[in-house]
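Residue numbers (our numbering): 1 to 380. Everything below concerns the one structure shown next.
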């Protein structure tokens with residue numbers, strides 16, 4: 001896939017809070033959502049969505065062939081939504097926890113990040129603050145065979161920069177129903193909670209056979225195997241030859257500017273690895289691959305993030321990006337005119353979550369939420 005063939009779409013889900021109190025507006029998804037939805041349609045913006053049980057809206061872009069254009073579209077939609085909502089007494093909050101975590105689980109954890117986020121949850125019985133960001137990267141129809149190894153190597157090399165929920169590889173079948181699998185590969189290379197897969201993940205034929213024979217929902221082996229969903233993921237459901245997309249989902253969120261450089265990094269890795277796969281260039285695993293089990297990320301902890309191995313510091317994020325990641329993507333960075341020094345510097349800046357940890361014991365949580373919401377509403 002050449003750069004001009006790239007398809008990139010972005011999705012951002014944000015919380016809706018009261019402009020005066022900072023609390024989640026739990027009734028937003030009733031009449032208030034209908035108002036902003038109608039406004040967006042009347043102005044020609046892409047349609048927005050909400051969850052039936054949460055105060056959120058999801059903004060999406062059309063597919064673009066350029067990261068800057070995609071982000072410009074997302075930023076325009078975000079600003080338009082905030083402007084409209086502010087007149088209705090709301091603001092958007094780009095702050096959230098891992099989706100699916102229950103209140104009891106959070107109360108039992110001793111994670112400083114979770115403890116800091118606990119007060120930012122909705123009232124008893126309501127939803128957690130939830131915010132997600134998703135990058136949809138298109139793969140051409142002729143590149144379908146590269147989908148699984150491409151997703152695997154994205155995990156291997158870019159995990160410090162991401163918190164990828166459900167790991168998000170997509171495997172698409174060339175058959176009449178165009179199914180695709182979003183698969184979590186619990187293997188010894190990308191890190192596993194259940195043990196390594198009984199196959200050589202570098203062997204494409206073994207990997208394809210494995211993913212073509214996943215246990216179905218009625219199979220008791222499923223719980224001991226992999227997590228997966230069967231979802232239709234063609235780029236264009238009316239045009240099977242248009243290709244397929246890979247979803248990269250980020251649960252921990254940060255300022256839009258940080259998501260921009262993160263997207264640049266993911267795109268750069270995506271294009272670099274796809275190029276190497278197509279030219280049959282050998283991809284090497286980082287030495288001491290088990291440090292991939294660590295879940296620190298630059299989006300979550302910024303320059304405070306550390307990579308550990310057996311409880312001892314192994315790499316700083318900056319060292320990892322410069323030592324292991326940079327050599328893999330340098331050639332394509334030049335092709336895309338990306339300044340690697342600047343990109344790495346931006347990636348490891350202080351994160352929003354890390355900033356919360358420094359505030360939450362001194363500032364009321366609702367005020368923290370308002371501070372971030374107002375900053376995104378008026379960054380200047």
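C-beta: ideal position from N, C-alpha, C; glycine also.
Nearest neighbour of residue i, chosen from the options [CA to CA]
i: residue 142; options: 327, 278, 273 and 77; result: 278
i: residue 256; options: 89, 271, 268 and 78; result: 78
i: residue 348; options: 262, 333, 46 and 63; result: 262
i: residue 370; options: 11, 72 and 16; result: 16
i: residue 133; options: 81, 14 and 82; result: 14
i: residue 239; options: 140, 71, 254 and 267; result: 140
i: residue 6; options: 65, 27, 35 and 42; result: 65
i: residue 10; options: 42, 71 and 43; result: 71
i: residue 375; options: 91, 146 and 284; result: 91
i: residue 19; options: 84, 37, 60 and 346; result: 84
i: residue 27; options: 89, 61, 73 and 8; result: 89
i: residue 24; options: 95, 35 and 40; result: 95
i: residue 138; options: 46, 270 and 32; result: 270
i: residue 8; options: 282, 67, 48 and 363; result: 67
i: residue 324; options: 153, 73 and 236; result: 153
i: residue 316; options: 345, 268 and 51; result: 345
i: residue 267; options: 50, 336 and 366; result: 336
i: residue 12; options: 273, 362, 248 and 281; result: 248
i: residue 51; options: 32, 40 and 45; result: 32
i: residue 272; options: 326, 236, 44 and 34; result: 326
i: residue 377; options: 80, 44 and 48; result: 80
i: residue 73; options: 93, 47 and 87; result: 47
i: residue 146; options: 281, 322, 236 and 87; result: 281
i: residue 274; options: 86, 379, 150 and 355; result: 150
Delimiting residues of the alpha helix (DSSP H) encompassing residue i
i: residue 342; result: 340–347
i: residue 333; result: 326–335
i: residue 82; result: 67–87
i: residue 260; result: 256–278
i: residue 43; result: 31–43
Residue i - containing beta strand (DSSP E), residue span
i: residue 15; result: 8–18
i: residue 132; result: 132–139
Buried versus exposed, by CB contacts within 10 Å (16 or more), residue i
i: residue 136; result: buried
i: residue 57; result: buried
i: residue 82; result: buried
i: residue 341; result: exposed
i: residue 334; result: exposed
i: residue 69; result: exposed
i: residue 29; result: buried
i: residue 21; result: exposed
i: residue 123; result: Low per-residue confidence applies at residue 123: pLDDT is 38, beneath 50, and the placement is therefore not dependable, though the value from the model is reported in the following sentence. So residue 123 counts as exposed.
i: residue 196; result: Confidence in residue 196 is poor, its pLDDT being 39 and thus under 50, which makes the residue's placement unreliable; the coordinate value appears in the next sentence. Looking at its Cβ environment, which holds fewer than 16 other Cβ atoms inside 10 Å, residue 196 is exposed.
i: residue 358; result: exposed
i: residue 265; result: buried
i: residue 284; result: exposed
i: residue 62; result: exposed
i: residue 42; result: exposed
i: residue 259; result: buried
i: residue 276; result: buried
i: residue 76; result: exposed
i: residue 36; result: buried
i: residue 38; result: exposed
i: residue 55; result: buried
i: residue 328; result: buried
i: residue 362; result: exposed
i: residue 170; result: In this prediction, residue 170 scores a pLDDT of 33, lower than 50, which makes its location untrustworthy; the coordinate-derived value is nonetheless stated afterwards. So residue 170 counts as buried.
i: residue 373; result: buried
i: residue 254; result: buried
DSSP beta-bridge partners of residue i
i: residue 60; result: 11
i: residue 93; result: 15
i: residue 396; result: Residue coverage of the chain in this structure runs from 1 to 380, which leaves residue 396 outside it and unanswerable.
i: residue 248; result: 135
i: residue 49; result: 58
Residue i: CB within 6 Å of a non-hydrogen atom of the ligand SAH
i: residue 378; result: For the ligand SAH, the structure offers nothing, since it holds no ligand at all.
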